[in-house]
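Notes for the one structure printed next.
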Amino acid sequence: MPNSPTQIQLIQPDDWHLHIRDGAIMRDVLADTARQFARAIIMPNLKPPVTAVELAHAYRSRIEANLKSLGINDFEPLMTLYLTDNTSADEVRKAKAEGIVGFKLYPAGATTNSDAGVTDIRHCYKALEAMQEVGMPFLVHGEVTHSEIDIFDREAVFIDQILEPLRRDFPQLKIVFEHITTKQAAHYVRDALTAGNTIAATITPQHLLMNRNAIFSGGIRPHNYCLPVLKREEHRVALLEAATSGNPRFFLGTDSAPHAKGDKEAACGCAGCYSAFNALGLYAEAFESVNRLEKLEGFASFFGPDFYSLPRNSKKITLKKQAQSIPQELPLGDATIVPLRAGETIAWSLV
Ligand code: DOR
Ligand code: ZN
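The numbering used here numbers the first residue of the sequence shown as 1401 and each following residue consecutively.
See below:
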């Protein structure tokens, strides 16, 4: 990879964790993602959620119609299903046969549109057995949701109470610990003993670039609020170390999660950061901050497809050290959205 401090070329990345929603707003957010990424894993937390193969096929058709109307023909959505207490082993096998790339665990009540999520992981053991058997990746939102657990501890408690027992019971299950936010999660994934390629984690740009002060700097900052919530600086540092270490267990997943401006700037504002507008610029900034730009390509372009047993992309893209202003607002259907770092500049741009 020919690298210079002002320009880097890399195989085109994919986004291994993305929300694009549905209906009118999908068109606006898809364009931002498809400008940078070749593929993206599409999260199933619609209203109602995408719980069955037929629903995923229908959702994929709506995505493809939007891509077509945008004139985009080089972007591939990778579809997932939303796990419920009632997901059957047969649905898992059918999903595998029909090209679904993963099942997503939303613990009930954990985040946006998670009401239909899993109330107790033990209800899902038949489905999990089938996932393990057919090699279907299991994508976990790793937080416990009991109200007595402090919001900043929910991920660490999830590791002890849910993830570790799950891995003991399903040692061959391929698990992606999504959007990790803590030192505990980074170290857990780094140090996990596994016979094969069975555990990995995605990391968002906001968790590499910001700590929890960003939610409260000079007043409440709803656009920096996502779930799992930003943590202390020591956690950000551990995540940055993991992402830039060259360890193939860590790869790119933006968790870009669009909500209209009014739904964020509200008495009970929605969780989610919209990072899709210049996600690659944000990641480049994070990697550059620790002088590890040469590790970006593995994280962004290689380790995700390797984990999912999909081919790596072949097209190349170039990122240039050229400041880009992030608009205050972008169109979002009939409304607007405030992108991450709105009104600021990002040092890196896609050429
Ligand atoms: O902040 C978040 N927003 N975290 C999630 O897990 C879901 C997402 C969304 O769908 O808005
Ligand atoms: Zn998400």
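Where is the CB? At the ideal position from N, CA and C, for every residue including glycine.
| query | result |
| --- | --- |
| With DSSP as the reference, please indicate the residues paired to Tyr1482 in a beta bridge. | Lys1504 |
| Could you please give the first and the last residue of the uninterrupted beta strand (DSSP E) stretch that includes Asp1415? | 1415-1418 |
| Identify the continuous alpha helix (DSSP H) that holds Ala1456 and give its terminal residues. | 1453-1469 |
| Using C-beta distances below 6 Å, list every residue in its chain close to Lys1720, excluding the 5 sequence neighbours before and after it, in chain order. | Gln1407, Ser1749, Val1751 |
| For Thr1433, which three-state DSSP category applies? | helix |
| Sort Lys1574, Ser1547, Gln1412 by Cα distance to Ser1709 and report the nearest one. | Lys1574 |
| Decide yes or no for the touch test of the region 1506-1515 against the region 1587-1607: beta carbon pairs closer than 8 Å, at least 3 of them. | no |
| With 16 other CB atoms within 10 Å as the buried threshold, where does Asp1428 fall? | buried |
| Can you tell me whether Leu1609 is buried or exposed? The criterion is at least 16 other CB atoms within 10 Å of its CB, across all chains shown. | buried |
| For Glu1685, which three-state DSSP category applies? | helix |
| When the Cα atoms are used, what is the spatial distance from Tyr1525 to Arg1632? | 34 Å |
| Which stretch, first to last residue, makes up the alpha helix (DSSP H) that contains Lys1583? | 1583-1591 |
| Check whether the region 1483-1502 and the region 1722-1731 are in contact - that is, three or more C-beta pairs closer than 8 Å. | no |
| Is Asn1445 near the ligand DOR, judged by its Cβ being under 7 Å from some heavy atom? | yes |
| Please state if the CB of Arg1636 and the CB of His1607 are separated by a distance shorter than 8 Å. | yes |
| Apply the 10 Å Cβ neighbour rule to Lys1468 and answer buried if 16 or more other Cβ atoms are within range, or exposed otherwise. | exposed |
| Quick check on this structure: which residue in Ile1737, Lys1716, Ile1726, Pro1739 has the alpha carbon closest to the alpha carbon of Gly1436? | The sequence as given places Gln at residue 1436; Gly does not occur at that position. Here the closest residue by C-alpha is Lys1716. |
| Between the Cα of Leu1481 and those of Lys1664, Asp1474, Lys1496, spot the shortest distance and give me the residue it belongs to. | Lys1496 |
| Mind pulling the alpha helix (DSSP H) runs of 4 or more residues that sit fully within the region 1606-1664? | 1633-1643, 1661-1664 |
| How far does the beta strand (DSSP E) with Lys1716 in it extend, from its first residue to its last? | 1716-1725 |
| Where does Pro1402 sit, in a helix, a strand or coil, going by DSSP? | Because Pro1402 carries a pLDDT of 47, less than 50, the predicted location of this residue cannot be relied on, and no value is offered for it. |
| What is the C-beta distance between Gly1653 and Trp1416, in whole angstroms, given that I count them as a contact (C-beta under 8 Å)? | 4 Å |
| Based on DSSP bridge pairs, tell me the residues matched to Leu1539. | Lys1504, Val1576 |
| Would you kindly work out how many angstroms separate the C-alpha atoms of Ala1686 and Tyr1506, rounded to a whole number? | 28 Å |
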